[in-house]
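Enquirer: Under mature numbering (1 follows the signal peptide of the UniProt record, and there is no 0), read the sequence shown as residues -20 to -1, 1 to 200, first letter to last.
Quick one: this structure, given as structure tokens, is what I'll be asking you about.
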Amino acid sequence: MKKNFATILFISALIISVTACKDKAKEATTTEAETPATTETTIDHEAYLVNTAESTIEWKGFKPTGSHHGTITLERGSFNVANGKIVGGSFIIDMTSIVVSDIPADDKDNAKLQGHLSSADFFDVEKYPNASFTITGLKEVDGKLMLSGNLSLKETKNNITFPVTVSNIDGALTLTSDAFTIDRSKWNVKYGSKSFFDNLGDKFINDDIELKIMVKAAKS
């Protein structure tokens, strides 16, 4: 009986593990920072200003006992567009706008988590109120549009590449990413990371942070 019960537990754990791996977003290709995309003076390009009220970054963090999710907003940004296509751009991310969505806003644990994420343990928003993303390239790879850019977070800058879809209709541009992850340890966000600390047991927090970006902009 005990053997059968152990077998059932093992199979259940295996199913959960396979499902989790299947559902996990792919990590963005991460390399050293690159030279930003530039728009040559010979190209007739237009500026599209980001509508910060209609743009958002969704985030999700993971630990052995579950996950948390929420949003971050953009402070400002713009795209450079030539012949209807994005050829450059940059965005300022308001790190003070971190919101926790999976815990009721009036629950004290919401403020506790939001405060911890904002603290020096994680993103230290008092010292680093902004992060930034600067486009370095946009090209089609195997039928998928891939956006590359330098992500500056705290005092570290890396280039990341992830899949996006772009629509540009009558001067209204929308860029939406697939869900992807970044490895926070590559930006020296160390709290609870097994990349920096040993003997954490099951108290660790996963290095991967899942992101999904939606940016709306209009011709200026």
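Every residue gets a Cβ at the ideal spot worked out from N, C-alpha and C, and that includes glycine.
Note down the Cα distance separating Val30 from Val195, rounded to an integer number of angstroms.
Expert: For the purposes of this step, residue 30 is identified with residue 50 of the sequence shown, where counting begins at 1. For the purposes of this step, residue 195 is identified with residue 215 of the sequence shown, where counting begins at 1. The alpha-carbon atoms of Val30 and Val195 are separated by roughly 7 Å.
Enquirer: For the alpha helix (DSSP H) containing Gly95, name the first residue and the last one.
Expert: Indexing the sequence shown from 1 puts residue 95 at position 115. Unbroken alpha helix (DSSP H) run through Gly95: 88 to 98.
Enquirer: The ligand SAH and Asp89: does any heavy atom of the ligand fall closer than 7 Å to the residue's C-beta?
Expert: Because no ligand of any kind appears in the structure shown, any question about the ligand SAH cannot be addressed here.
Enquirer: Which class does Lys166 belong to by DSSP, given the choice of helix, strand or coil?
Expert: Residue 166 sits at position 186 when you count from the first residue of the sequence shown. Reduced to three states, the DSSP call for Lys166 is helix.
Enquirer: Assuming contact is defined by CB atoms lying nearer than 8 Å, are Ile37 and Glu55 in contact in what I supplied?
Expert: The residue given as residue 37 occupies position 57 in the sequence shown. The residue given as residue 55 occupies position 75 in the sequence shown. Their beta carbons are not under 8 Å apart, which means Ile37 does not touch Glu55 by this criterion.
Enquirer: At what residues does the beta strand (DSSP E) containing Asn179 begin and finish?
Expert: For this step, residue 179 is matched to residue 199 along the sequence shown. First-last for Asn179: undefined, no H or E at that position.
Enquirer: Hey, could you find the ends of the beta strand (DSSP E) Thr141 is sitting in?
Expert: One-based indexing of the sequence shown puts residue 141 at position 161. Unbroken beta strand (DSSP E) run through Thr141: 136 to 149.
Enquirer: Short check: CB of Asp188 to CB of Thr161, under 8 Å?
Expert: For the purposes of this step, residue 188 is taken as residue 208 along the sequence shown, with counting starting at 1. For the purposes of this step, residue 161 is taken as residue 181 along the sequence shown, with counting starting at 1. Closer than 8 Å, so yes.
Enquirer: Give me the Cα-Cα distance between Ser165 and Asp104, rounded to the nearest whole angstrom.
Expert: Mapped onto the sequence shown, residue 165 falls at position 185. Mapped onto the sequence shown, residue 104 falls at position 124. Cα to Cα, the separation comes out at about 15 Å.
Enquirer: With DSSP as the reference, please indicate the residues paired to Ser77 in a beta bridge.
Expert: In the sequence shown, the residue the question calls residue 77 occupies position 97. Beta-bridge pairing links Ser77 to no other residue.
Enquirer: Report the option in Ser157, Thr15, His49 whose CA atom is closest to the CA atom of Leu125.
Expert: Within the sequence shown, residue 125 is the residue found at index 145, counting from 1. Residue Ser157 is the option with its Cα nearest to Leu125.
Enquirer: Within 10 Å of its beta-carbon, does Ala85 have 16 or more other beta-carbons around it, so buried, or fewer, so exposed?
Expert: The residue you call residue 85 lines up with position 105 of the sequence shown. Ala85 comes out exposed.
Enquirer: If you compare alpha carbons, which of Thr10, Ala27, Gly57, Lys88 is closest to Asn63?
Expert: Locating residue 63 in the sequence shown gives position 83, where the first residue counts as 1. It is Ala27 whose Cα lies nearest to the Cα of Asn63.
Enquirer: Look up Thr154 in the DSSP assignment and say whether it is helix, strand or coil.
Expert: Residue 154 sits at position 174 when you count from the first residue of the sequence shown. Three-state DSSP puts Thr154 in a strand.
Enquirer: Using a 10 Å radius around the Cβ and a threshold of 16 neighbouring Cβ atoms, would you call Leu191 buried or exposed?
Expert: Within the sequence shown, numbered from 1, the residue matching residue 191 stands at position 211. With 16 or more other Cβ atoms within 10 Å, it is buried.
Enquirer: Cα-Cα, which of Leu127, Met75, Thr141, Phe71 is closest to Ala100?
Expert: Within the sequence shown, the letter at position 120 stands for residue 100. Measuring from the Cα of Ala100, the nearest candidate turns out to be Met75.
Enquirer: At the level of alpha carbons, what is the spacing between Lys134 and Phe184?
Expert: Counting from one through the sequence shown, the residue named residue 134 turns up at place 154. Counting from one through the sequence shown, the residue named residue 184 turns up at place 204. So the two alpha carbons sit approximately 21 Å from each other.
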